[in-house]
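Start counting the sequence shown at 153; every next residue gets the next number (my numbering). All C-beta atoms, glycine included, are put in the ideal place defined by N, C-alpha and C.
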Amino acid sequence: MVDPPDGTKDQIINACIYAGLSFFTALAGMSIAQITTNPQTALVASGISAGLAFFTSLAVQRGLVKKEQ
């Protein structure tokens with residue numbers, strides 16, 4: 153990130169935004185590909201995607217994962 157947020161609150165808000173985007177993108181992708189025979193499975197898969205996006209975003213913002221330049 154060029155200008156990382158200063159506070160933990162801002163970092164969590166940003167991570168939630170990324171997680172929400174990931175959740176709905178995964179859900180829409182599965183819907184477009186018509187692989188959502190079971191809606192519960194699609195929601196679980198989207199939730200996993202959102203969780204990964206949330207924690208990855210926090211790790212990058214907190215400096216736990218070094219961004220390649």
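Hey, out of the options, whose CA is closest to residue i's CA?
i	options	result
F206	A178, A197, G172	G172
L204	C168, I187, T160, P191	C168
Would you grab the beta carbon distance between residue i and residue j for me? Rounded to a whole angstrom, and I think it's under 8 Å.
i	j	result
A185	A197	A185 to A197, Cβ: 12 Å. No contact.
Using the beta-carbon count (16 or more within 10 Å), is residue i buried or exposed?
i	result
S183	exposed
L216	exposed
A211	exposed
A202	buried
F176	exposed
Q213	buried
With H, G and I counted as helix, E and B as strand and the rest as coil, what does DSSP make of residue i?
i	result
L195	helix
N190	coil
A185	coil
G159	coil
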